[in-house]
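Report on the following structure.
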Amino acid sequence: MVLAGDVFDVPIRKDIIHRVVRWQLAKRQQGTHSTKTISEVSGTGRKPWPQKKTGRARHGSLRGPQFRGGATMHGPKPRSHAIKVNKKVRRLGLKIALSARAAEGKLLVFEDLEVPTHKTKNIVNYVEQMEDTKKLLLVDGGPINEKLKLATQNLHYVNVLPSIGLNVYSILLHNTLVMSRDAVNRIVERMHTPINR
Amino acid sequence: MIRSRLSSLLSTSSFLLNTKPIPNPSPLFQFRSFTYFHSPGSINNNGPLWLQGIRAYSLLSLNDLRDNVPRKQKTRKGRGIGSSMGKTAGRGNKGQRARKGVRLGFEGGQTPMRRRSPKRGFKNPFSLTFQPVGLGNIAKLINAGKIDSHELITMKTLKDVGAVGKQIKDGVRLMGRGADQIKWPINMEVSRVTIRAKAATEAAGGSVRRVYYNKLGIRALLKPEWFAKKRRLLPRAARPPPKLKDKVDSIGRLPAPTKPLPFFTEEAAASNVSV
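Structure below.
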């Protein structure tokens, strides 16, 4: 099978991969961190003691940032950490990741990912036979076969994805990529359809 | 090399996955059979791994990613002597500016410059700005082969080639810098010409015609695909308003024309009409 050169043979650009991975990790952040400012900290707004005559330092409120139980200055507030990365850059990142795995020889294309049973030990055997594989990513074309899903569920070093779920971070996380022919065709077709505005 | 390996693995792996698992196989036998089917050059016992072409490190891994532009350190003021922004944090010593700040333009009560200087002028809503392009520039582009000098050169060709840039406000003005480089007849349709530029092109045997386009006309001339995308027809070319009639020779044509209008037919038509 001949793979499309403009998808599996593009020059490797680490800076684009860096940007795409940073985008992926940033957009998945929940951003639900929160602190209370001085207006939100529970407690009165009364001036604790008069300005002068007591020998103590002057204060307007007992909930300032210097106090125990007081507010947090410039603390985190719930926000989105997502950044924008152009669609064409994201697409190019995927192509670069696939090309890198293909260039190293860690991209395997199978006829299809049919497994005879749902037994995990078959998958373990197959993985042991592949040389120098620590983490394996299986990419299937359409919805994932139940048997394959059950067989790989308990292995922490094997992950399955449908072809729509293929992304740069997952490719980099696993050092070997196994795709079915259907998945390859779908990916190449997706890379060839223009990004519409 | 990759492709043969892929195809060989394709055949072996499909063999492995499509058949039933052999009950209780001897692991040694399976391992050997798998390696036997590898492409002939890949198992190489002739030297260390890095000589054989098998990479020790991956081409792309998560621990080795860097962007082209490294991120800048932000200066945090008020954090120590060594940062050069400690203690007073760039504000100097005491005073209103160190404590609060003075609003922009305030001069301590003295009449500020904005109120001392007189108002001037008005903004003309009908003024037109034309992008200048010199004859020398056009000659350079013709020599480079980007402009075809046998065809009519319109403002659209100038924009596509990059002679004027992407923003063309009301049109293009032909200027005379480098006029001595035009040695062939060229025909141009632009918004305005300077006297010397016109003389230079006429001397070389060409012609310059000043055409009128309004804003919509310029858009239709330069970006007809915008209309096509909205499924609108190209608009009809507009006549110039009476006060601009003397500054132009004729109405611009839409879409961008390819053949120059010769001048004498216009005069003959005018004379015929007048009679």
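Protein sequence lines, in the order shown, are assigned to chains A and U. Numbering follows the UniProt record's numbering, with no gaps: position 69 of the first sequence is 69. Numbering follows the UniProt record's numbering, with no gaps: position 22 of the second sequence is 22. Ideal placement from N, C-alpha and C gives every residue a C-beta, glycine not left out.
*Count the other C-beta atoms from every protein chain shown that fall within 10 angstroms of the C-beta of His72 of chain U, then say buried if there are 16 or more, exposed otherwise.*
As a position in the second sequence, residue 72 of chain U is number 72, starting the count at 1. Sequence check: residue 72 of chain U is Lys here, not His. Counting Cβ neighbours within 10 Å, Lys72 of chain U comes out exposed, since fewer than 16 surround it.
*Note down, in chain order, all residues in the stretch 154-180 of chain A with a beta-carbon under 7 angstroms from any beta-carbon belonging to chain U.*
Within the stretch 154-180 of chain A, Leu172, Leu173, Asn175 place their CB atoms closer than 7 angstroms to a CB of chain U, listed in sequence order.
*Under 8 angstroms between beta-carbons, which chain A residues line up against Arg66 of chain U? List them in chain order, please.*
Taking the second sequence and counting its residues from 1, one reaches residue 66 of chain U at position 66. Among the residues of chain A, those whose CB is under 8 angstroms from the CB of Arg66 of chain U are Lys14, Asp15, His18, following chain order.
*Compare the Cα-Cα distances from Trp23 of chain A to each of A:Leu107, A:Arg56, A:Val109, A:Ala82 and report the closest residue.*
By one-based count along the first sequence, residue 23 of chain A stands at place 23. Checking every option, the nearest Cα to that of Trp23 of chain A belongs to A:Ala82.
*asked:* From the DSSP secondary-structure annotation, give me the bridge partner or partners of Asn187 of chain U.
replied: Within the second sequence, numbered from 1, the residue matching residue 187 of chain U stands at position 187. In DSSP, Asn187 of chain U forms a bridge with U:Ser207.
*When the Cα atoms are used, what is the spatial distance from Met179 of chain A to Glu111 of chain A?*
Working through the first sequence from its first residue, we reach residue 179 of chain A at position 179. Working through the first sequence from its first residue, we reach residue 111 of chain A at position 111. Roughly 9 angstroms between the two C-alpha positions.
*Which bits of chain A does Leu141 of chain U rub up against, with CB to CB less than 9 angstroms?*
Taking the first residue of the second sequence as 1, we reach residue 141 of chain U at position 141. Ordered by position in chain A, no residue passes the 9 angstroms Cβ test against Leu141 of chain U, which lies about 30 angstroms from the chain.
_List, in chain order, every chain A residue whose beta-carbon is nearer than 7 angstroms to that of Ser58 of chain U._
Stepping through the second sequence from its first residue, residue 58 of chain U is reached at position 58. Against Ser58 of chain U, the close residues of chain A are Glu104, Asn175, in the order they occur along the chain (beta-carbon pairs closer than 7 angstroms).
*Determine contact between the stretch 87-98 of chain U and the stretch 40-51 of chain A, defined as no fewer than three beta-carbon pairs at a distance below 8 angstroms.*
With the cut-off at 8 angstroms, the stretch 87-98 of chain U and the stretch 40-51 of chain A do not touch.
*Within this structure, are the beta carbons of Leu189 of chain U and Pro235 of chain U separated by less than 8 angstroms?*
Sequence index remark: in the second sequence, residue 189 of chain U carries index 189 (1-based). Sequence index remark: in the second sequence, residue 235 of chain U carries index 235 (1-based). Per the sequence shown, the amino acid found at residue 189 of chain U is Glu instead of Leu. Going by C-beta atoms, Glu189 of chain U is not nearer than 8 angstroms to Pro235 of chain U.
*Should Phe8 of chain A go down as buried or exposed, given a rule of 16 or more other Cβ atoms within 10 Å for buried?*
Taking the first sequence and counting its residues from 1, one reaches residue 8 of chain A at position 8. With a 10 Å radius around the Cβ and a threshold of 16 neighbouring Cβ atoms, Phe8 of chain A comes out buried.
_Only counting the same chain, and skipping five residues up and downstream in sequence, which positions put a Cβ closer than 7 angstroms to that of Lys198 of chain U?_
By one-based count along the second sequence, residue 198 of chain U stands at place 198. Exclusion of the five residues before and after Lys198 of chain U leaves Val208 as the residues of its chain whose Cβ lies within less than 7 angstroms of its Cβ.
*Could you tell me the distance, in whole angstroms, from the CA atom of Leu161 of chain A to the CA atom of Gln131 of chain U?*
Start at 1 with the first residue of the first sequence, and residue 161 of chain A comes out as number 161. Start at 1 with the first residue of the second sequence, and residue 131 of chain U comes out as number 131. So the alpha carbons of these two residues sit roughly 55 angstroms apart.
*For residue 199 of chain A, name the three-state secondary structure that DSSP assigns.*
Shown here, chain A extends from 1 to 197; a query on residue 199 of chain A therefore has no answer.
*Where does Leu62 of chain U sit, in a helix, a strand or coil, going by DSSP?*
Within the second sequence, residue 62 of chain U is the residue found at index 62, counting from 1. Assignment of Leu62 of chain U by DSSP, reduced to helix, strand and coil, places it in the coil class.
*asked:* Could you check whether the stretch 180-195 of chain U touches the stretch 221-236 of chain U, counting it as contact only if at least three pairs of C-beta atoms, one from each stretch, sit closer than 8 angstroms?
replied: Cβ pair count under 8 angstroms is below three, so no.
*Once you ignore the five residues that flank Pro255 of chain U on each side, which residues in its own chain have a CB closer than 8 angstroms to its CB?*
The count along the second sequence starts at 1 and reaches residue 255 of chain U at position 255. Within the same chain, Pro255 of chain U has close Cβ partners Ala220, Leu221, Pro224, Leu234.
*Quick one, which of A:Arg91, A:Asn159, A:Pro65, A:Lys106 has its alpha-carbon nearest Arg190 of chain A's?*
Against the first sequence, residue 190 of chain A aligns to sequence position 190. The shortest C-alpha separation from Arg190 of chain A is found at A:Arg91.
*If you measure beta-carbon to beta-carbon, which residues of the stretch 216-244 of chain U are closer than 7 angstroms to chain A?*
Listed in sequence order: no entries.
*Using a Cβ-Cβ distance under 8 angstroms, would Val21 of chain A count as near chain U?*
For the purposes of this step, residue 21 of chain A is taken as the residue at position 21 of the first sequence. True, the Cβ-Cβ gap to chain U drops below 8 angstroms.
*Are at least three pairs of beta-carbons, each pair with one atom in the stretch 124-133 of chain A and one in the stretch 31-44 of chain A, less than 8 angstroms apart?*
The stretch 31-44 of chain A and the stretch 124-133 of chain A do not touch, with fewer than three beta-carbon pairs separated by less than 8 angstroms.
*So, using beta-carbon positions, are residue 360 of chain U and Gly217 of chain U closer together than 8 angstroms?*
Residue 360 of chain U lies beyond the residue range present for chain U, which begins at 1 and ends at 275; the question has no answer from this structure.
*What are the start and end residues of the beta strand (DSSP E) that includes Ser180 of chain A?*
Here the question's residue 180 of chain A lines up with position 180 in the first sequence. Counting along the chain, the beta strand (DSSP E) containing Ser180 of chain A begins and ends at 176-180.
*asked:* Taking 8 angstroms as the cut-off, does the stretch 177-187 of chain U touch the stretch 141-157 of chain U (at least 3 CB pairs, one atom from each stretch)?
replied: A contact exists between the stretch 141-157 of chain U and the stretch 177-187 of chain U.
*asked:* Would Val168 of chain A and Gly93 of chain A be called neighbours here (beta carbons separated by less than 8 angstroms)?
replied: Mapped onto the first sequence, residue 168 of chain A falls at position 168. Mapped onto the first sequence, residue 93 of chain A falls at position 93. Cβ atoms of Val168 of chain A and Gly93 of chain A: closer than 8 angstroms.
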